[in-house]
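Below: one structure, written as structure tokens.
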Amino acid sequence: MKSKNLFLLSWRKAWIIVVSGVIFIILHNLISGIFGIEEAFFFILVIFVLPAYVLIAIIYSLIYILKKKPKKKKRSRS
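Written out as structure tokens, the structure reads:
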């Protein structure tokens, strides 16, 4: 179940996503400022990769929770 470990959201993963996004933005601006070139790698990570991962992880987590939730059995009245 590697997909469970990769895509199932937790508070720890949420903080990792937020902190990595901030670090990627800082690195993008730092490299652009120091070298005077437009650096695209960290920009692409922040704009496309992180939001795509978050969207996929949210959908996966919702499906996982809904499948895990036990179904209520209806009582038949006699």
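Take the sequence shown: its letter number 71 is residue 83 in my numbering, and every next letter is one higher.
C-beta atoms are modelled at their ideal positions from N, C-alpha and C, and glycine is treated no differently.
Going by C-alpha positions, Ile75 is about 14 Å away from Lys83.
The shortest CA-to-CA distance from Val61 to any of Trp27, Asn17, Ser22 and Gly33 is the one to Gly33.
In its chain, beyond the 5 residues on either side, Leu21 have a beta carbon closer than 7 Å to the beta carbon of Ile70. Note on Phe36: 16 or more other CB atoms within 10 angstroms of its CB, so buried under the neighbour-count rule.
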